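Reading through the structure tokens given below for one structure.
Number of protein chains: 2
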Amino acid sequence: MTQPVSSSAPAAGNGFLSTPATPSAVLVVGSVALDSVETPFGKADEVLGGSGNYFSSSASHFAPVQLVGVVGDDYPMDKLEALRARGVDLAGVEKTEGSSFRWRGRYRHDLNSAETLETHLGVFSHFRPKIPAQFRQAPFVFLANIDPRLQLQVLEQVEKPRLVACDTMNFWIESRRPELVELLKHVDLVTLNDAEARQLTEQSNLVKAARWIMDKGPRHVLIKKGEHGAFMFSPDSIFFAPAYPLESVFDPTGAGDSFAGGFIGYLARTGDLGERNMRRAVVVGSAMGSFAVEKFSNTRLLEITAADIERRVQEFRQLVSFDTELGS
Amino acid sequence: MTQPVSSSAPAAGNGFLSTPATPSAVLVVGSVALDSVETPFGKADEVLGGSGNYFSSSASHFAPVQLVGVVGDDYPMDKLEALRARGVDLAGVEKTEGSSFRWRGRYRHDLNSAETLETHLGVFSHFRPKIPAQFRQAPFVFLANIDPRLQLQVLEQVEKPRLVACDTMNFWIESRRPELVELLKHVDLVTLNDAEARQLTEQSNLVKAARWIMDKGPRHVLIKKGEHGAFMFSPDSIFFAPAYPLESVFDPTGAGDSFAGGFIGYLARTGDLGERNMRRAVVVGSAMGSFAVEKFSNTRLLEITAADIERRVQEFRQLVSFDTELGS
Chain C
0 MTQPVSSSAP AAGNGFLSTP ATPSAVLVVG SVALDSVETP FGKADEVLGG SGNYFSSSAS
60 HFAPVQLVGV VGDDYPMDKL EALRARGVDL AGVEKTEGSS FRWRGRYRHD LNSAETLETH
120 LGVFSHFRPK IPAQFRQAPF VFLANIDPRL QLQVLEQVEK PRLVACDTMN FWIESRRPEL
180 VELLKHVDLV TLNDAEARQL TEQSNLVKAA RWIMDKGPRH VLIKKGEHGA FMFSPDSIFF
240 APAYPLESVF DPTGAGDSFA GGFIGYLART GDLGERNMRR AVVVGSAMGS FAVEKFSNTR
300 LLEITAADIE RRVQEFRQLV SFDTELGS
Chain Z
0 MTQPVSSSAP AAGNGFLSTP ATPSAVLVVG SVALDSVETP FGKADEVLGG SGNYFSSSAS
60 HFAPVQLVGV VGDDYPMDKL EALRARGVDL AGVEKTEGSS FRWRGRYRHD LNSAETLETH
120 LGVFSHFRPK IPAQFRQAPF VFLANIDPRL QLQVLEQVEK PRLVACDTMN FWIESRRPEL
180 VELLKHVDLV TLNDAEARQL TEQSNLVKAA RWIMDKGPRH VLIKKGEHGA FMFSPDSIFF
240 APAYPLESVF DPTGAGDSFA GGFIGYLART GDLGERNMRR AVVVGSAMGS FAVEKFSNTR
300 LLEITAADIE RRVQEFRQLV SFDTELGS
């Protein structure tokens, strides 16, 4: 699983996604939950949710995914079959006695922030990630939003990944700051939203916030601004990709993890960590985030094709492209 | 003053701003005020402010500007000399008995929204724009944020401009909706911020909001999102430009009008209303907005050079550029 990636057999099509590739595996450790969501456009009850689900559904379009998480004995395992069919290895999804992680939330008209109505951690509150032996050499690792102490435990179990990325949230920034700062020393890339970046660094300016984080260890910081796009800060450059201006956003749940899945998945597919390719990965991530919000749960992520992704990436290009040569 | 300004002799440098150009005149009707502003970084008292001031300071880098506004007999006219020196024709700035328009505001730590502490309309409350005869054929017209009834009166006084753009605000959307909707029939382009677009159209989705506005008349809608960038909606395309990620934003006052000044000024300079050139104009506008916030009042706008503008436009290019060919 550690051998370098993009090989040489030509694939069908001429889009950049169909370019010859031998993708590396992506290990993701995160939540596998049941979400009940209410938006101005409808309701969904006990549908597949959690960072692990969204990330895997998205990343599986680009690379083989190894999912580690925990579910209760009430979890509808048959619903995970769609992930398995897409090449997601579920050997790390532990089923234990108790009830599954459930989240119930509501979005108001502006869709910008979820209102949490109920959270039942269930078996997730005792989650101790155990990385199966066959997952420990995954070259790409995504530590989704879980307790930083657990994220550190995962890193003790993996062997020299090429890229480790982590996500976090306000709750951990408040309750586990020392552990989170310790974690930063061991990751190559952090994804977090703008409010979290400001909270973690106590810097209201995002450029300064990113620099603060990079000073702690990570080479790259990806700041997600939801409907306002995302910044990737690197040692020598800043890249920005807008969110795709969708006419109907149906359910914003999981957009950030779908973004991360597209981003890391694309890097694992291409095996290229150069600046140009990382910019492409941000755009692919943005495209995947934009698909995620078009339907409840991971529904849309599971039905789109490579051609759909190609098309949206080209639409992103159209959206931001300009030149500085005169002429119309 | 109506003859073209910076002439056709090729200028030094090979940037797109130094390309030979015969700029058209830009007429702007707006406020000429005195601002007192407090930000986390300092205070400024009774400095040049108002939409007319910011727009002119910005647009004057690209084209000759004709400013129409009103000031009281207490206005420090000498402070306007810096504008005149930059080619802004002040023949339309009427001085009348009474006190000048004064605004006092404060920005908190996040700098996202101004808190108005005091507004004295003074002579501005009786403003009836009179367009000097020599201004009536300006090919480019910007109706800054004033009463839509006055904006309509301006249009009765001008002769077949190539492009008319208008700005507006929540106050007019609430109090002068019918007049504002009437105005939309007569303008080619509207600039407004995202909250105003949603309020005017009662559509929370910006794509739908833009379409609503375009259905009323304008060919283009420019939705400004402050630190989150700007969208230009056109009949067949959407263009997005981010705000430049500045490390220190000093005073956000006037960013929107400086954006509009750069945008319209660049169009007047190039005379090209094709999609490609309008995209460039949005980026130039974004660059000018990013300069405006670096210092109080129009200070920074008046000190920057063409080379500074070129450089920032290229930085914008760096910020958003990506390709879809493999390679790093």
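Read top to bottom, the protein sequences are chains C and Z. All letters in the first sequence, in the order written, are residues 0 to 327 by numbering that gives the first Met the number 0. All letters in the second sequence, in the order written, are residues 0 to 327 by numbering that gives the first Met the number 0. Note that beta-carbon positions come from the ideal geometry of N, C-alpha and C, so glycine has one too. No experiment lies behind these values; they were computed from the predicted model shown.
What does residue i pair with, by DSSP beta-bridge criteria?
i      : result
A240/C : A229/C
R275/C : Beta-bridge pairing links R275/C to no other residue.
Q136/C : According to DSSP, which records beta bridges pairwise, Q136/C is partnered with nothing at all.
S35/Z  : R103/Z
K94/C  : V70/C
V87/Z  : V64/Z
Rounding to the nearest angstrom, what Cα-Cα distance links residue i and residue j in this structure?
i      : j      : result
L318/Z : F238/C : 5 Å
V46/Z  : W171/Z : 25 Å
S236/C : L245/Z : 13 Å
G260/Z : A164/Z : 11 Å
L154/Z : D34/Z  : 28 Å
T304/C : R310/C : 10 Å
G216/C : S233/C : 12 Å
T298/Z : F100/Z : 19 Å
E37/C  : S296/C : 12 Å
Y243/Z : Q133/C : 45 Å
Q313/C : A43/Z  : 46 Å
E324/Z : D193/C : 30 Å
H185/Z : S112/C : 38 Å
I308/C : S285/C : 10 Å
D271/C : L221/C : 17 Å
Q152/Z : L66/Z  : 16 Å
A8/Z   : N276/Z : In this prediction, A8/Z scores a pLDDT of 33, lower than 50, which makes its location untrustworthy; the coordinate-derived value is nonetheless stated afterwards. For A8/Z and N276/Z, the distance between alpha carbons rounds to 21 Å.
N169/Z : P251/Z : 18 Å
R175/Z : E195/Z : 13 Å
V77/C  : L162/C : The residue asked about is misnamed: residue 77/C is Asp in this sequence, not Val. One C-alpha to the other measures close to 32 Å.
L16/C  : S247/Z : 38 Å
S73/C  : G48/C  : The sequence shown places Asp at residue 73/C, not Ser. Taking the straight line joining both Cα atoms gives about 15 Å.
Y106/C : E114/C : 6 Å
A90/Z  : D109/Z : 39 Å
K294/Z : V64/C  : 49 Å
How far does the alpha helix (DSSP H) with residue i in it extend, from its first residue to its last?
i      : result
E114/C : Per DSSP, E114/C belongs to no alpha helix (DSSP H); it is in the beta strand (DSSP E), A113 to H119.
V27/C  : Where V27/C is concerned, there is no enclosing alpha helix (DSSP H), although the beta strand (DSSP E) it sits in stretches over V25 to V28.
I222/Z : Per DSSP, I222/Z belongs to no alpha helix (DSSP H); it is in the beta strand (DSSP E), H219 to K223.
I308/Z : A305 to V319
F262/C : A254 to T269
E302/C : T298 to E302
Counting along the chain, where does the beta strand (DSSP E) carrying residue i start and finish?
i      : result
G41/Z  : G41 to G48
I130/C : Where I130/C is concerned, there is no enclosing beta strand (DSSP E), given that its DSSP letter is neither H nor E.
Give a yes or no on whether the C-beta atoms belonging to residue i and residue j are separated by under 8 Å.
i      : j      : result
L149/C : P128/C : yes
V92/Z  : G71/Z  : no
P22/C  : A62/C  : yes
W211/C : Q202/C : yes
F258/C : G288/C : yes
A143/C : S30/C  : yes
G264/Z : S57/Z  : yes
L188/Z : R218/Z : yes
G253/C : Y53/C  : yes
F315/C : V282/C : yes
R135/C : F321/Z : no
V25/C  : A137/C : yes
E80/C  : R103/C : no
G121/Z : G86/Z  : no
L205/C : F230/C : yes
P160/C : V140/C : yes
D166/Z : L191/Z : yes
P39/Z  : G228/C : no
D256/C : S59/C  : no
S124/Z : L82/Z  : no
Whole alpha helix (DSSP H) runs in the segment 136-204 of chain C with 4 or more residues, listed along the chain? 147-156, 169-174, 176-183 and 193-200
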